[in-house]
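> First to last, the protein sequences are chains E and H. Residue numbering for the first sequence follows my numbering, beginning at 2 and increasing consecutively. Residue numbering for the second sequence follows my numbering, beginning at 1100 and increasing consecutively. Heads up, the beta-carbon is just placed ideally off N, CA and C, and yes, glycines get one too. Right, I'll just put the structure down here and ask away after.
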Amino acid sequence: LAKTTQPISMDSYEGQEVNITCSHNNIATNDYITWYQQFPSQGPRFIIQGYKTKVTNEVASLFIPADRKSSTLSLPRVSLSDTAVYYCLVGQWGGADGLTFGKGTHLIIQP
Amino acid sequence: DAGVIQSPRHEVTEMGQEVTLRCKPISGHNSLFWYRQTMMRGLELLIYFNNNVPIDDSGMPEDRFSAKMPNASFSTLKIQPSEPRDSAVYFCASSRTQPQHFGDGTRLSIL
């Protein structure tokens, strides 16, 4: 499984755009990049998934450069409720295997 | 639309006691996963099932841990005998493909 590296923590202010970058130098050809969000006392929740270029949904955007060795989760105009831990994972799409979570990035949004 | 349901939400018990955690996956999902989360080790995959069959239990810490999935709508994770180092939040997740959908976990404290 490709190992991922992301910042341990970040902080920002309400209304700002936040970008969290994840490194995955050993990503395989069949691997997709997936981001999960976890609030205290809750299980992780799927945010977005992509293979290459850019993916956007109602919550976030995911930017993946051509070499796919990194990816950036972009959260537009964050609010206090976006304070959470964000996990970057790499693995095969549609795979039934268990997920390998790293330590994640603890994002703190201040007023 | 019911998500993954775990019970109990919290459990406090003395070491040496048997502990049984329960999970009801989302209807129609054919994969079920048990994870454990601690501050020191983060989120770890313990075991997962596909179509009620255990596929990979290499993450189960030791023989004191066992998991069953008697049917598509129910799974248990049992610890016998329990030890203080088993204290953690235990998550159950289910999926048909990706992404996985997590329950809100069982916070287990072994005194």
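1. Among Phe1148/H, Pro1160/H and Arg1135/H, whose alpha-carbon lies nearest the alpha-carbon of Ser1172/H?
2. Starting from Pro1198/H, find everything on chain E with Cβ-Cβ shorter than 8 Å and list it in chain order.
3. Rounded C-beta distance between Ile1146/H and Met1159/H? I'm assuming under 8 Å.
4. Can you find at least 3 beta carbon pairs, one from the segment 1176-1191 of chain H and one from the segment 1102-1122 of chain H, that sit closer than 8 Å?
5. Based on Cα-Cα distance, which residue from Tyr87/E, Leu81/E, Glu18/E and Tyr88/E lies nearest to Pro112/E?
6. Return the chain-ordered list of same chain residues with a C-beta closer than 6 Å to the C-beta of Lys1/E, the five sequence neighbours on each side being excluded.
7. Rounded to the nearest angstrom, how far is the Cβ of Gln39/E from that of Val79/E, given a contact under 8 Å?
8. Could you tell me whether any non-hydrogen atom of the ligand ZN is closer than 8 Å to the CB of Gln50/E?
9. At least one CB of chain H closer than 9 Å to the CB of Tyr14/E: is that the case?
10. Does the distance from the CB of Thr35/E to the CB of Gly103/E come in under 9 Å?
11. On the CB-based measure, 16 or more other CB atoms within 10 Å of its CB, does Ser1194/H come out buried or exposed?
Based on what the coordinates show:
1. Here residue 1172/H corresponds to residue number 73 of the second sequence, with the count starting at 1. That would be Phe1148/H, whose Cα lies nearest to the Cα of Ser1172/H.
2. Looking up residue 1198/H in the second sequence gives position 99. Going along chain E in sequence order, the residues near Pro1198/H (Cβ under 8 Å) are Thr35, Tyr37, Phe47 and Gln50.
3. One-based indexing of the second sequence puts residue 1146/H at position 47. One-based indexing of the second sequence puts residue 1159/H at position 60. Indeed, because the Cβ distance is near 6 Å, the residues count as touching under 8 Å.
4. yes
5. Here residue 112/E corresponds to residue number 111 of the first sequence, with the count starting at 1. That would be Leu81/E, whose Cα lies nearest to the Cα of Pro112/E.
6. The structure shown has nothing for residue 1/E, since chain E only spans 2 to 112.
7. Taking the first residue of the first sequence as 1, we reach residue 39/E at position 38. Taking the first residue of the first sequence as 1, we reach residue 79/E at position 78. Not a contact, Cβ separation roughly 16 Å.
8. This structure simply doesn't include the ligand ZN, nor any ligand for that matter.
9. Taking the first sequence and counting its residues from 1, the one referred to as residue 14/E is at position 13. Not one chain H Cβ lies under 9 Å of Tyr14/E.
10. As a first step, residue 35/E is located in the first sequence; it is residue number 34 there, counting from the start. As a first step, residue 103/E is located in the first sequence; it is residue number 102 there, counting from the start. No.
11. As a position in the second sequence, residue 1194/H is number 95, starting the count at 1. Looking at its Cβ environment, which holds 16 or more other Cβ atoms inside 10 Å, Ser1194/H is buried.
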